[in-house]
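>
Number of protein chains: 2
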Amino acid sequence: MKKRKPTIVDIANYMGISPSAVSKAMSNHPRMSEKTKKEVAKVAEQLGYQRNNMATGLRKGKSGLIGVIVPYIHVNFFSTAIKGIEDVLGQAGYSIVIGQSKDETNKEVAQVDVFLNAQVEGIIASIASNTKDSSHFIKALANGVKVVLFDRTIPELDVDQIMIDDFDAATKATKHLFDQGYGKIGLISGPLELLPYKRRLDGYKAVLAQTGREFDENLIVETDISLESGKKAAAQLMDRKNPPDALFCLSDVLALGAMNAVRERGKKMPEEVGIMGFSNENFTTYVSPSLSTVDQFSEQMGNHAAKAILNQLRAEESHNHVPSKQVLSPKLLIRESSKIRK
Amino acid sequence: MKKRKPTIVDIANYMGISPSAVSKAMSNHPRMSEKTKKEVAKVAEQLGYQRNNMATGLRKGKSGLIGVIVPYIHVNFFSTAIKGIEDVLGQAGYSIVIGQSKDETNKEVAQVDVFLNAQVEGIIASIASNTKDSSHFIKALANGVKVVLFDRTIPELDVDQIMIDDFDAATKATKHLFDQGYGKIGLISGPLELLPYKRRLDGYKAVLAQTGREFDENLIVETDISLESGKKAAAQLMDRKNPPDALFCLSDVLALGAMNAVRERGKKMPEEVGIMGFSNENFTTYVSPSLSTVDQFSEQMGNHAAKAILNQLRAEESHNHVPSKQVLSPKLLIRESSKIRK
DNA sequence: TACATTTGTTCAAACGTTTGAAATATAACT
DNA sequence: AGTTATATTTCAAACGTTTGAACAAATGTA
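Chains as they are written, first to last, in the numbering used here: chain W, 1 to 342; chain D, 1001 to 1342.
#1: Would you say the beta carbon of T7 (chain W) is closer than 7 angstroms to some non-hydrogen atom of the ligand ATP?
#2: Beta-carbon separation of N282 (chain W) and S1288 (chain D) under 8 angstroms?
#3: Flag this pair as yes or no: are the beta carbons of F1167 (chain D) and R1213 (chain D) separated by less than 8 angstroms?
#4: Three-state secondary structure (DSSP) at S343 (chain W)?
#5: Let's test the definition: count the other Cβ atoms within 10 Å of the Cβ of L195 (chain W) and tell me whether it reaches 16, buried, or not, exposed.
#6: Are the Cβ atoms of H74 (chain W) and V112 (chain W) separated by less than 8 angstroms?
#7: For the candidate residues W:A169, W:G274, W:A140 and W:I66, whose alpha-carbon lies nearest to that of G183 (chain W)?
#8: Check whether the Cβ atoms of S1095 (chain D) and V97 (chain W) lie closer than 8 angstroms to each other.
#9: Which residue wins for smallest C-alpha separation from A1308 (chain D), given the options D:M1054, D:V1207, D:E1121 and D:L1058?
#10: Express the C-alpha separation of K1205 (chain D) and G1190 (chain D) in angstroms, rounding to a whole number.
#11: For F1215 (chain D), which residues from the same chain have a beta carbon less than 8 angstroms from its beta carbon, with the 5 sequence-adjacent residues on both sides left out?
#12: At a Cβ threshold of 8 angstroms, is Y49 (chain W) touching chain D?
#13: Look at the Cβ atom of A306 (chain W), then the Cβ atom of I85 (chain W), and state whether they are nearer than 8 angstroms.
#14: Contact check, I1011 (chain D) vs L1058 (chain D) under 8 angstroms by CB: the rounded distance?
#15: Below 7 angstroms between beta carbons is the criterion; list the residues of the stretch 1081-1099 of chain D that meet it against any residue of chain W, in chain order.
#16: Since S189 (chain W) is in the beta strand (DSSP E), which residue starts that stretch and which ends it?
#17: Excluding sequence positions up to five away, which residues of its chain have a Cβ less than 7 angstroms from the Cβ of S946 (chain D)?
#18: Identify whether V70 (chain W) lies in helix, strand or coil by the three-state DSSP scheme.
#19: How would you list, in chain order, the residues of chain D whose beta-carbon sits under 8 angstroms from the beta-carbon of V294 (chain W)?
#20: Mapping DSSP to helix, strand and coil, what is A125 (chain W)?
#21: Give the C-beta separation of T1174 (chain D) and I1164 (chain D) to the nearest angstrom, bearing in mind that I take them to be a contact with Cβ-Cβ under 8 angstroms.
#22: Under the three-state reduction of DSSP, which class applies to K62 (chain W): helix, strand or coil?
#23: Rounded to the nearest angstrom, what separates M1001 (chain D) and A1092 (chain D) at their Cα positions?
#24: Excluding the five sequence neighbours on either side, which residues of its own chain have a C-beta within less than 8 angstroms of the C-beta of F1078 (chain D), listed in chain order?
#25: Residues bridged to M1276 (chain D) by DSSP?
#26: Any beta carbon of chain W sitting closer than 8 angstroms to that of I1309 (chain D)?
#27: Can you find a C-beta in chain W that's less than 8 angstroms from the C-beta of S1063 (chain D)?
#28: Exposed or buried, which one is P1244 (chain D) when buried takes at least 16 other CB atoms within 10 Å?
#29: Look up D1166 (chain D) in the DSSP assignment and say whether it is helix, strand or coil.
#30: Applying the 10 Å Cβ sphere with the 16-neighbour rule, what's the burial state of S20 (chain W)?
#31: By the DSSP assignment, the beta strand (DSSP E) with K1035 (chain D) in it spans what residues?
#32: Under the three-state reduction of DSSP, which class applies to K1241 (chain D): helix, strand or coil?
#33: Taking the DSSP output, what are the residues bridged to I220 (chain W)?
#34: What is the C-beta distance between N344 (chain W) and D87 (chain W), in whole angstroms, given that I count them as a contact (C-beta under 8 angstroms)?
#35: Using a cut-off of 8 angstroms between C-beta atoms, extract the partners of H1029 (chain D) located in chain W.
#36: Do you know whose CA, among W:V327, W:E336, W:K331 and W:P323, lies nearest V148 (chain W)'s CA?
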């Protein structure tokens, strides 16, 4: 039942040639005869040979492993990003090993250590929200491990980073609402101390300025990010004497809550009130009216992060890699909730 | 910039002792003096030593890697299961490497090969829907790799399998609706050639039989699993002369479609029509009324699968592992859409 | 004192592969 | 046949760690 797995040496003995011949034949070495290559392939197949990556990796100093660290695997944004990463890295012959930080810095640090022990060639990470110190990543770099950060990044750290342009996104969304004919846009935001929200708000303000409109403090509600909070915030806005005729909610869940409030007030969406969400959560297509939102390109972000790692891996010797920060421009997903008012 | 990473030998030289002493000290060998252990630890820390798992693994014949194969990483059910897997395996000191089959058998087979090369100690998989042949898993087993299947399993294959009891789930859901006072339950199903749907339908029928009710063929609609299909199916049912007063939808998306149809007909939920979904997709708490559904325990499934692998790994020598099929009993999540009619 | 035990450490081989240099076989010219 | 070039294969060392056996030193026992 438990017979030892066949190795390159077994194949060599079986064929009466040397192990190195087998190795070279399998790796398609130019100086090996086609004949031996064929025969080796056949015998390997026949004996059920599987290459041992640990031996290969040890010898070559390359594991073929890339580590990915996210706060939680099951959060839609991250799992989609991981898919994007796997798609390109798998294609390129790398295996990805994943770890969760549970949004705790110390777990993140520990995970980096696990990865370094595993000899990963690169680490792609979206950091825990309280991670301030980046010495664990610096340690990785010192060990020759490539590092790429996405979405939740450390601007000060000199590595490739992929993020989305929240300002631009909010700009586009706000413009879209005005273009559709809505005249007064209320904004419901998550905690403004978090950078993304802050930037989105800035985008909104920028459009007001650009189009020569007055910024009205009272049209902004800052709240936490639960469904209920979205509902309350919307209620507060809609119950004003001059309620807005559109709500730009800086997260889809907030938008959902807002929709509930609007519906309770008997207002038609999108005819009387336009709604715009943010993030493209998967439920946004399921609600009614379907929710216009901003695609954060989680999958593409994963793609980009993976490509960035590949670039670094390939630029290996040519010492000339200059860390770059890529800012992806998000795309509006116009659905029913914000469509053509007039 | 690119200095070689310190090895056990470097530590040994630095301290003037032998590499084996260092190795033994680090692995807390009983015959090593506390003094040396302390010192080794200190120097290791000081030189920034990181163990090389490839060397360790090669020598020990263990990689500390577990492979996970799912159709798609980003599907909520799977990513949640992966979280469940990572939680217990990470804790146990294993790293998990993941791969997607994209629901294609050949990719699944290829992925198994990749994992075998990577010397994973175990594989946890949810198979592609068209996978019929299981020789790739048999090959893995022959290589001494443990195999555990979850959710989408191969009953014929003699390995640990974790699945949920669809029959039981449907039974509970149906009973719940009757208990709430609904009298006539329409059922909207996905393709009945797929086993889970078939089993759920059976559960529904069983309750009718148990409670002495007549089974009415006309209350069953079989359709594909899109939102639109759910809506149409529900419309069809609600527009009958004697429409049902509750709809048991065998997937949450179908339920969402059904809710739209019901709402359009001006019927109140849950007062006039009760709705029950299946799977606990994350949007179910966001809709209004919040959707009662069946929790498929994706995370726990991952936990169980991981524990099963651990058991096998630990039972290694004791040759006495008997493959078992665990059937998890799903839990109803009673929310607003099915609550207390009278 | 001689011998056995215990404690701490070193030796040397092994895990399975890769790789440049060296060796051999084969073919190609004078 | 002798030489040179070329194609193919083998040699041997290396990658970093672990591990049982062997050794040495310290301690205990008779």
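Where a beta carbon is used, it is the ideal one built from N, C-alpha and C, also for glycine.
These numbers come from a predicted model, not from an experiment.
Taking the structure as given:
#1: For the structure depicted, the ligand ATP is absent and the ligand set is empty, with no information on it obtainable.
#2: no
#3: If you check the CB distance, F1167 (chain D) and R1213 (chain D) do not come in under 8 angstroms.
#4: No answer is possible for residue 343 (chain W): the residues shown for chain W start at 1 and end at 342.
#5: exposed
#6: no
#7: Cα-wise, what sits closest to G183 (chain W) is W:G274.
#8: yes
#9: Distance check between A1308 (chain D) and each of D:M1054, D:V1207, D:E1121 and D:L1058 places D:E1121 closest, using alpha-carbon atoms only.
#10: 16 angstroms
#11: Closer than 8 angstroms at the Cβ level, and outside the excluded window around F1215 (chain D), lie K1205, L1208 and A1209.
#12: For Y49 (chain W), the nearest beta carbon of chain D is not closer than 8 angstroms to its own beta carbon.
#13: yes
#14: So it is not a contact: roughly 20 angstroms between Cβ atoms.
#15: Residues passing the 7 angstroms Cβ filter: I1082, K1083, E1086, G1090, S1095, I1096, V1097, I1098 and G1099.
#16: I185 to S189
#17: Nothing about residue 946 (chain D) can be read from this structure; chain D reaches only from 1001 to 1342.
#18: strand
#19: Ordered by position in chain D, no residue passes the 8 angstroms Cβ test against V294 (chain W), which lies about 18 angstroms from the chain.
#20: DSSP places A125 (chain W) within a strand segment (E or B) once states are collapsed to three.
#21: At roughly 16 angstroms, the Cβ-Cβ gap does not stay under 8 angstroms, so T1174 (chain D) and I1164 (chain D) are not in contact.
#22: coil
#23: Only weak support exists for where M1001 (chain D) lies, its pLDDT of 38 falling under 50; the coordinates are left without a value.
#24: V1070, P1071, Y1072, S1126 and S1298
#25: D:F1248 and D:S1292
#26: no
#27: yes
#28: buried
#29: helix
#30: exposed
#31: Premise fails: K1035 (chain D) lies in the alpha helix (DSSP H), E1034 to L1047, not in any beta strand (DSSP E).
#32: coil
#33: Answer is W:L187, bridged to I220 (chain W).
#34: Nothing can be reported for residue 344 (chain W): it is not among the residues displayed for chain W, which extend from 1 to 342.
#35: Those do not exist, as H1029 (chain D) stays about 19 angstroms from chain W at its closest Cβ, beyond 8 angstroms.
#36: W:P323
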